[in-house]
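Below you'll find the structure, written out as structure tokens, and then a few comments.
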Amino acid sequence: MIDLKDKVALVTGASRGIGRATAIRFAEAGAHVVVNYVTSRTAAEQTAEEVAARGRDVAIVKADVSEQDDIESMMEFVDQTFGRLDILVSNAATGGFRPLLATTARNFEAAMNTNVRALLFLTQAAVPLMERSEGRKKIIGISSHGSHMALPMYGVIGGSKAALESIARHLALELGDRDFNVNIVQAGLVETDSTRRLPGSDQMFAARRTKQMVGERDLEPTDVADAVLFLSSSLSDLVQGQTLIVDGGAAVHV
Ligand SMILES: NC(=O)c1ccc[n+]([C@@H]2O[C@H](COP(=O)([O-])OP(=O)(O)OC[C@H]3O[C@@H](n4cnc5c(N)ncnc54)[C@H](OP(=O)(O)O)[C@@H]3O)[C@@H](O)[C@H]2O)c1
Numbered sequence: 032m033i034d035l036k037d038k039v040a041l042v043t044g045a046s047r048g049i050g051r052a053t054a055i056r057f058a059e060a061g062a063h064v065v066v067n068y069v070t071s072r073t074a075a076e077q078t079a080e081e082v083a084a085r086g087r088d089v090a091i092v093k094a095d096v097s098e099q100d101d102i103e104s105m106m107e108f109v110d111q112t113f114g115r116l117d118i119l120v121s122n123a124a125t126g127g128f129r130p131l132l133a134t135t136a137r138n139f140e141a142a143m144n145t146n147v148r149a150l151l152f153l154t155q156a157a158v159p160l161m162e163r164s165e166g167r168k169k170i171i172g173i174s175s176h177g178s179h180m181a182l183p184m185y186g187v188i189g190g191s192k193a194a195l196e197s198i199a200r201h202l203a204l205e206l207g208d209r210d211f212n213v214n215i216v217q218a219g220l221v222e223t224d225s226t227r228r229l230p231g232s233d234q235m236f237a238a239r240r241t242k243q244m245v246g247e248r249d250l251e252p253t254d255v256a257d258a259v260l261f262l263s264s265s266l267s268d269l270v271q272g273q274t275l276i277v278d279g280g281a282a283v284h285v
């Protein structure tokens with residue numbers, strides 16, 4: 032039912048975790064994929080192999096999404112390689128896990144520039160390229176429960192995710208009448224490289240099951256990728272400026 036045949040999708044932070052799962056889902060749905068990474072070249076190549084194994088075109092591009100120059104160079108690369116872009120997924124995020132009271136200006140800027148400002152500059156750089164495509168163009172960001180809940184050691188990342196959701200709504204306002212949909216997927220706790228580094232992660236993974244209402248099933252990167260796939264497809268053309276929560280029900284469970 033979801034057919035992204037011959038669409039071109041750029042996924043930031045596609046070397047690992049949710050970004051990689053999203054790149055693979057796109058390939059399964061027929062899209063060609065641009066795999067972005069910043070440090071993990073080998074992991075990005077593994078993602079690219081998975082995409083190519085599904086018969087799609089794939090390109091790998093190193094770019095630090097916290098740097099506007101890198102973002103602009105990446106879009107030039109996409110233009111030269113594919114000549115168009117239909118789907119942009121701003122997935123990459125960073126930010127050490129630390130108390131707000133121990134957060135420096137440098138920590139704050141790193142998290143905000145990667146997690147929030149990237150969506151803004153990615154969108155600015157992508158719009159002229161995306162406007163060459165027919166039909167509705169899709170921009171999706173990835174948020175977390177930290178946007179509306181207080182989690183230990185997560186203050187700066189949580190604050191960045193709240194800002195991300197607001198920026199997405201306002202981008203929808205500016206771009207919605209120009210054939211763009213801008214939405215967010217807000218994921219619950221998923222076991223990936225970054226969450227395995229969270230202080231007390233074992234207890235958090237165990238506690239997750241008591242909050243979710245989906246039996247013994249754990250939330251996987253592919254569950255988040257499936258929501259991104261929906262928001263990238265024509266099935267969601269009338270979903271605009273929204274945050275779609277994918278967490279097995281944890282956010283509504285007292
Ligand atoms: N895991 C969860 O429980 C969870 C829950 C809610 C929301 N999320 C969100 O989902 C997204 C993906 O998280 P994840 O857990 O899948 O992360 P992950 O496995 O730690 O992977 C992070 C990815 O982001 C890339 N990245 C980091 N900084 C970058 C930068 N400055 N420029 C370009 N790429 C950069 C990394 O590239 P390299 O490999 O090259 O370093 C890597 O591909 C994030 O937005 C995160 O906040 C995750």
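So for the sequence shown, our numbering puts the first residue at 32; every next one is plus one. No residue lacks a Cβ here, since even glycine has one placed at the ideal position from N, Cα and C.
Q: Following the continuous alpha helix (DSSP H) through ASN138, name the residue where it begins and the one where it ends.
A: Within the sequence shown, numbered from 1, the residue matching residue 138 stands at position 107. First-last of the alpha helix (DSSP H) with ASN138: 136-143.
Q. Does the beta-carbon distance from ALA31 to ALA123 come in below 8 Å?
A. Lying before the first or after the last residue shown, residue 31 is absent from the chain, which here runs from 32 to 285.
Q) Any heavy atom of ligand 1 within a distance shorter than 7 Å of the CB on LEU220? A) Along the sequence shown, read from residue 1 onward, the residue named residue 220 stands at position 189. Yes, since a heavy atom of ligand 1 falls inside the 7 Å radius drawn around the Cβ of LEU220.
**Q.** Residues sharing a beta bridge with ALA40, DSSP
**A.** Counting from 1 along the sequence shown, the entry for residue 40 is found at position 9. DSSP, once it has assigned bridges, lists VAL64, ILE118 as partnering ALA40.
Q. Can you tell me the Cα-Cα spacing of GLY231 and GLY44, whole angstroms?
A. The residue you call residue 231 lines up with position 200 of the sequence shown. The residue you call residue 44 lines up with position 13 of the sequence shown. C-alpha separation (whole angstroms): 24 Å.
Q) Is the stretch 214-226 touching the stretch 168-180, taking contact as three or more C-beta pairs under 8 Å? A) yes
Q. PHE211 lies in the beta strand (DSSP E); which residues open and close that run?
A. Here residue 211 is taken as the residue at index 180 of the sequence shown, counted from 1. Looking at the DSSP string, the run of the beta strand (DSSP E) that includes PHE211 is 211-218.
Q | PRO183 versus MET235: straight-line alpha-carbon distance, rounded | A | To locate residue 183, count along the sequence shown from 1; it is residue 152. To locate residue 235, count along the sequence shown from 1; it is residue 204. Rounded to whole angstroms, PRO183 to MET235 spans 11 Å at the Cα level.
**Q.** As assigned by DSSP and simplified to three states, the class of ILE33
**A.** Numbered from 1 along the sequence shown, position 2 holds the residue referred to as residue 33. Coil at ILE33, not helix or strand.
Q. Quick check: the stretch 53-68 against the stretch 132-151, are there 3 or more CB pairs under 8 Å?
A. Judged by Cβ distances under 8 Å, the stretch 53-68 makes no contact with the stretch 132-151, as fewer than three pairs qualify.
Q: Would you check if the distance between the CB atom of ALA60 and the CB atom of ILE102 is smaller than 8 Å?
A: Within the sequence shown, residue 60 is the residue found at index 29, counting from 1. Within the sequence shown, residue 102 is the residue found at index 71, counting from 1. No, Cβ-Cβ distance for ALA60 and ILE102 is not below 8 Å.
Q: Please check the pair LEU195 and VAL147, which I expect to be a contact at CB under 8 Å, by giving their CB distance rounded to whole angstroms.
A: Translated into positions along the sequence shown, residue 195 becomes position 164. Translated into positions along the sequence shown, residue 147 becomes position 116. Going by Cβ atoms, the distance from LEU195 to VAL147 rounds to 5 Å, so yes, they are a contact pair.
Q. Does the separation of the CB atoms of GLY189 and SER197 fall below 8 Å?
A. For the purposes of this step, residue 189 is taken as the residue at position 158 of the sequence shown. For the purposes of this step, residue 197 is taken as the residue at position 166 of the sequence shown. The answer is no: Cβ separation not under 8 Å.
Q) In three-state DSSP terms, what is GLU165? A) As a working note, residue 165 is residue 134 in the sequence shown. If DSSP states are grouped into helix, strand and coil, GLU165 belongs with coil.
Q: State yes or no: is the C-beta of TYR185 nearer than 7 Å to some heavy atom of ligand 1?
A: In the sequence shown, residue 185 corresponds to position 154, counting from 1. The answer is no for TYR185.
Q | Beta bridge counterpart(s) of ALA90 as assigned by DSSP | A | As a first step, residue 90 is located in the sequence shown; it is residue number 59 there, counting from the start. Beta-bridge pairing links ALA90 to VAL65.
(Q) Counting C-beta neighbours from all protein chains within 10 Å, is the total for ALA237 16 or more, i.e. buried, or is it exposed? (A) Sequence index remark: in the sequence shown, residue 237 carries index 206 (1-based). The residue in question, ALA237, is exposed, as its Cβ has fewer than 16 Cβ neighbours within 10 Å.
Q) Any idea which residues DSSP pairs SER175 with across the strands? A) Position 144 of the sequence shown holds residue 175. According to DSSP, SER175 bridges with ALA218.
Q | CA-to-CA distance, GLU162 to ARG209, given in whole angstroms | A | Taking the first residue of the sequence shown as 1, we reach residue 209 at position 178. Taking the first residue of the sequence shown as 1, we reach residue 162 at position 131. Computed Cα separation, rounded: 8 Å.
Q. Run through DSSP, which three-state label would GLU247 get?
A. Working through the sequence shown from its first residue, we reach residue 247 at position 216. Reduced to three states, the DSSP call for GLU247 is strand.
Q) Relative to ligand 1, is the shortest distance from any of its heavy atoms to the C-beta of ALA74 smaller than 7 Å? A) By one-based count along the sequence shown, residue 74 stands at place 43. Yes; taking the cut-off as 7 Å, the Cβ of ALA74 has a heavy atom of ligand 1 nearer than that.
Q) Quick one: is PRO252 buried, meaning 16 or more other Cβ sit within 10 Å of its Cβ, or exposed? A) Stepping through the sequence shown from its first residue, residue 252 is reached at position 221. It is buried - the Cβ of PRO252 has at least 16 other Cβ atoms within 10 Å.
Q. Just reading off the alpha helix (DSSP H) that VAL283 is part of, what are its end residues?
A. In the sequence shown, the residue the question calls residue 283 occupies position 252. Here VAL283 belongs to no alpha helix (DSSP H), and DSSP marks it neither H nor E.
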